[in-house]
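For reference, the structure discussed in these notes is given below.
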Amino acid sequence: MEEEHTLTAKILAYIAGRGADKIDALEKSIAKLGASASDADQKKLEALQQDLRDTKEKFEPRNWLTDAAIRAKQLQFVTHAVKYLHGDAKGSNIYDQQSAAPIDGIVSTQSINNPVLDICGNAAALDVGKLLAQIEHEGKTLIDYVLAGDIEPLLLIAQNEQQAREWLTGFAQVFENKELASHKLAKQVYWPLAYGDNEEGEYHLLSPLFASSLAHEVFATRRTQRERQYSKEADIKADVAENGYQFIPNFAVQTFGGTKPQNISQLNSQRGGKNYLLDNRPPIWQQQDKPPLNIQSVFDSLLPSKVYRKAKAAHRLKRYLEKVFNKESTFDIREARARGMDEIVDIFLLFAASIHNHPAGWSMSEDCHLPLNEQLWLDPGRVQIDDTFREAMDKKDWQEDIASKFASWLNRTLQSSTLHLGDVEHREWKSLVAQELRLTERARKEFYS
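Under the numbering used here, the residues of the sequence shown are numbered 1463 to 1911, in order.
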């Protein structure tokens, strides 16, 4: 196995990279000053040269790893962190070793095969955390070797086996939690127990912690889904994504740490302070659209709920007409009324289009009690399977009937104690809808021709 492909080589490269910028900057300063150093600059030059020697010594791999093993105690590798509850909370963080088996039907940290560990503690020691958690070879990080008690990646760097084990022991401090404690700023729950013999209330004091590793798994899953999303054009063409396509509806985003997410934890910083919350509300029942059977007319049964209640313009139009009913008709009044009518007619036509989506010929059912003109309007596909129906469709008088029914329905709907609508409004509504129905019928003929 060639050394450049080992975790050991990557550890050495990481350490060298940590010191490279500092060493390079010092060498440039020395070169610049040394070229024309005066007696006054000699002390400054000597100080820079000493800094360079100290920096090189500091980033010599054995020296750096010895220091890193000491500083590791400033960090904690955890699955559950306390600072998500409050940025100033100083209670214990927890590393869940997943000793318990997953519980069916419950999503928890135990549900993850290899949870990503979060890092909490002194931000000045995060370079140690990155060494342990982010430098990996063939899927294994240094922290995996620490958990297994395996010194192999360190043995090739250490002076001897004892030094390698000392480093490993130092790095293992990231899992130590010497004194478990909650904090006044952490969330705490009093959990009541059964009464004792003396009937004094007893309880457990619970301190829930934020499951950061689980949150990171959800975040990573959501990010993967976003990467797999296809464009609208692909969706329209019903293309199948190579890796599948998933969609999570109604999720919310919770943020931690404000402008400094790194103050909460390392994983929180990687997520930009974002945490996804899944919707756990029960599903809202969606009534399945069915053809209008067992009713005498859609104008009496369906239009009030399917059109008027959905058309905010209808309510605005009614209030507006009540306001200007006795005023002289002006261009502005006519324009405002026309805008309101346009929205109502659009929803009216969409209502009909939704019924057109049902299989052609639904109106042939014995449960269909609609008059013929409404059947012709709402079941145009039937002309393909019913010659008599097609002949009735071609007569076109049904369009006038439907337009007249709509006008009568709208007059009744808008009528109030202060708004009296009659033949004039009826003719206007009828003319408007009849025109739209003719356009719709023309499009239908082109479609079926």
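Even for Gly, the Cβ is constructed at its ideal location relative to N, Cα and C.
ask   = Looking at the structure shown, is alanine 1696 part of a helix, part of a strand, or coil, going by DSSP?
value = For this step, residue 1696 is matched to residue 234 along the sequence shown. Residue placement at alanine 1696 cannot be trusted, given a pLDDT of 49 that sits under 50; what the coordinates show is reported in the next sentence. Reduced to three states, the DSSP call for alanine 1696 is helix.
key: Terminal residues of the alpha helix (DSSP H) in which tryptophan 1824 lies   = Translated into the one-based positions of the sequence shown, residue 1824 becomes position 362. Premise fails: tryptophan 1824 is in no alpha helix (DSSP H) and is neither H nor E.
request  = Identify every residue that forms a DSSP beta bridge with tyrosine 1652.
outcome  = As a first step, residue 1652 must be located in the sequence shown, where it is residue number 190. DSSP, once it has assigned bridges, lists Leu1667 as partnering tyrosine 1652.
message = Just to confirm the assignment: which complete alpha helix (DSSP H) runs, minimum length 4, are found wholly within the segment 1831-1910?
response = 1834-1840, 1849-1857, 1859-1876, 1885-1910
key: Pairwise C-alpha distance: leucine 1616 and threonine 1528   = Translated into the one-based positions of the sequence shown, residue 1528 becomes position 66. Translated into the one-based positions of the sequence shown, residue 1616 becomes position 154. C-alpha separation (whole angstroms): 11 angstroms.
request  = Determine the burial state of leucine 1740: buried for a count of at least 16 other Cβ atoms within 10 Å of its Cβ, exposed for fewer.
outcome  = Counting from one through the sequence shown, the residue named residue 1740 turns up at place 278. By the 10 Å Cβ count, leucine 1740 comes out exposed.
Helix, strand or coil at glutamate 1805 according to DSSP, with G and I counted as helix = The residue you call residue 1805 lines up with position 343 of the sequence shown. Helix.
query = Grouping DSSP H, G and I as helix and E and B as strand, with all else coil, what is aspartate 1701?
reply = Counting from 1 along the sequence shown, the entry for residue 1701 is found at position 239. Any reading at aspartate 1701 must be qualified, since the residue scores a pLDDT of 49, below 50, and its modelled position is unreliable; the value itself is stated next. Coil, per DSSP.
At least 3 beta-carbon pairs within less than 8 angstroms: the segment 1478-1488 vs the segment 1504-1522 = yes
message = Check for me: the beta strand (DSSP E) holding leucine 1739 runs from which residue to which?
response = Your numbering for residue 1739 matches position 277 in the sequence shown. Note, leucine 1739: beta strand (DSSP E), 1736-1739.
query = When the Cα of isoleucine 1806 is compared with those of Trp1891, Ala1563, Val1590, which residue comes out closest?
reply = Reading the sequence shown from its first residue, position 344 is the one you call residue 1806. Answer by Cα proximity: Trp1891.
C-alpha gap between asparagine 1712 and phenylalanine 1681, whole angstroms = Counted from its first residue, the sequence shown places residue 1712 at position 250. Counted from its first residue, the sequence shown places residue 1681 at position 219. CA-to-CA, the gap between asparagine 1712 and phenylalanine 1681 works out to about 15 angstroms.
inquiry  = I'd like the list of long-range same chain contacts for histidine 1666, defined as Cβ closer than 7 angstroms, with 5 residues on each side in sequence excluded.
reply    = One-based indexing of the sequence shown puts residue 1666 at position 204. These residues qualify, in order along the chain: Trp1653, Leu1655.
ask   = Taking the C-alpha atoms as reference points, what is the distance between glutamate 1614 and alanine 1563?
value = What you label residue 1614 is simply residue 152 of the sequence shown in a count that begins at 1. What you label residue 1563 is simply residue 101 of the sequence shown in a count that begins at 1. Whole-angstrom Cα-Cα distance: 30 angstroms.
key: Straight-line gap, tyrosine 1546 to valine 1651 (C-alpha atoms, nearest Å)   = As a first step, residue 1546 is located in the sequence shown; it is residue number 84 there, counting from the start. As a first step, residue 1651 is located in the sequence shown; it is residue number 189 there, counting from the start. Answer to the nearest angstrom: the Cα atoms are 16 angstroms apart.
query = Nearest CA to the CA of alanine 1865: which residue from Thr1902, His1831, Ile1473, Thr1850?
reply = The residue given as residue 1865 occupies position 403 in the sequence shown. Measuring from the Cα of alanine 1865, the nearest candidate turns out to be Thr1902.
inquiry  = Rounded to the nearest angstrom, what separates glycine 1926 and glutamate 1887 at their Cα positions?
reply    = Beyond the ends of the chain as shown, which are 1463 and 1911, falls residue 1926; an answer cannot be given.
ask   = With 16 other CB atoms within 10 Å as the buried threshold, where does glycine 1734 fall?
value = Translated into the one-based positions of the sequence shown, residue 1734 becomes position 272. Burial call: exposed.
ask   = Around the C-beta of asparagine 1576, are 16 or more other C-beta atoms found within 10 angstroms, so that it is buried, or is it exposed?
value = Residue mapping note: residue 1576 aligns to position 114 of the sequence shown, counting from 1. With fewer than 16 Cβ atoms within 10 Å of its Cβ, asparagine 1576 is classed as exposed.
message = Does the segment 1833-1852 come into contact with the segment 1869-1878, if we say contact requires no fewer than three beta-carbon pairs (one atom in each stretch) closer than 8 angstroms?
response = no
Candidates Asn1725, Thr1468, Leu1488, Lys1640: closest to asparagine 1584 by CA position = Working through the sequence shown from its first residue, we reach residue 1584 at position 122. Nearest of Asn1725, Thr1468, Leu1488, Lys1640 to asparagine 1584, Cα basis: Asn1725.
request  = Locate the alpha helix (DSSP H) running through aspartate 1589, then write down its first and last residues.
outcome  = For the purposes of this step, residue 1589 is identified with residue 127 of the sequence shown, where counting begins at 1. Start and end: 1588-1595.
ask   = If you run the structure through DSSP and keep just helix, strand and coil, what is histidine 1548?
value = Walking along the sequence shown from the start, residue 1548 turns up at place 86. Histidine 1548 falls in the coil class under three-state DSSP.
query = Which residue comes first and which comes last in the beta strand (DSSP E) that contains threonine 1717?
reply = Stepping through the sequence shown from its first residue, residue 1717 is reached at position 255. Note, threonine 1717: beta strand (DSSP E), 1714-1717.
ask   = Measuring CA to CA, which of Ala1896, Phe1539, Ile1477, Asp1856 is closest to glycine 1591?
value = Along the sequence shown, one-based indexing puts residue 1591 at 129. The residue with the shortest Cα to Cα distance from glycine 1591 is Phe1539.
inquiry  = Could you check whether the segment 1596-1608 touches the segment 1466-1477, counting it as contact only if at least three pairs of C-beta atoms, one from each stretch, sit closer than 8 angstroms?
reply    = Contact holds: three or more Cβ-Cβ distances are below 8 angstroms.
Distance between alanine 1905 and glutamine 1861 (C-alpha atoms, nearest Å) = Start at 1 with the first residue of the sequence shown, and residue 1861 comes out as number 399. Start at 1 with the first residue of the sequence shown, and residue 1905 comes out as number 443. Looking at the two C-alpha atoms, the distance is approximately 14 angstroms.
task = Return the CA-CA distance between aspartate 1580 and glutamate 1679, expressed in angstroms with no decimal places.
result = Locating residue 1580 in the sequence shown gives position 118, counting from the first residue. Locating residue 1679 in the sequence shown gives position 217, counting from the first residue. Looking at the two C-alpha atoms, the distance is approximately 11 angstroms.
As assigned by DSSP and simplified to three states, the class of phenylalanine 1521 = Within the sequence shown, numbered from 1, the residue matching residue 1521 stands at position 59. Three-state result, phenylalanine 1521: coil.
request  = Could you tell me which of Arg1627, Asp1589, Leu1588 sits nearest to glutamine 1607, measuring between CA atoms?
outcome  = Within the sequence shown, numbered from 1, the residue matching residue 1607 stands at position 145. At residue 1607 the sequence reads tyrosine, which differs from the glutamine that was named. In terms of Cα proximity to tyrosine 1607, the closest of Arg1627, Asp1589, Leu1588 is Arg1627.
ask   = In three-state terms, what does DSSP make of leucine 1510?
value = For the purposes of this step, residue 1510 is identified with residue 48 of the sequence shown, where counting begins at 1. The answer is helix: DSSP assigns leucine 1510 an H, G or I state.
task = Would you identify the three-state DSSP class for glutamate 1784, choosing helix, strand or coil?
result = Along the sequence shown, one-based indexing puts residue 1784 at 322. Only weak support exists for where glutamate 1784 lies, its pLDDT of 49 falling under 50; the value from the coordinates is given anyway. Correct three-state label for glutamate 1784: helix.
task = Determine the DSSP secondary structure at histidine 1645, reduced to helix, strand or coil.
result = By one-based count along the sequence shown, residue 1645 stands at place 183. Residue state, collapsed to three classes: coil.
message = Rounded to the nearest angstrom, what separates alanine 1543 and alanine 1677 at their Cα positions?
response = Counting from 1 along the sequence shown, the entry for residue 1543 is found at position 81. Counting from 1 along the sequence shown, the entry for residue 1677 is found at position 215. Taking the straight line joining both Cα atoms gives about 11 angstroms.
task = Can you grab the Cα-Cα spacing for the pair threonine 1603 / lysine 1535, in whole Å?
result = Within the sequence shown, residue 1603 is the residue found at index 141, counting from 1. Within the sequence shown, residue 1535 is the residue found at index 73, counting from 1. Answer to the nearest angstrom: the Cα atoms are 19 angstroms apart.
query = Between alanine 1696 and the rest of its own chain, which residues show a CB-CB distance below 7 angstroms, the 5 nearest in sequence each way excluded?
reply = By one-based count along the sequence shown, residue 1696 stands at place 234. Bear in mind that a pLDDT of 49 at alanine 1696, under 50, signals an unreliable position, so the model cannot answer this.
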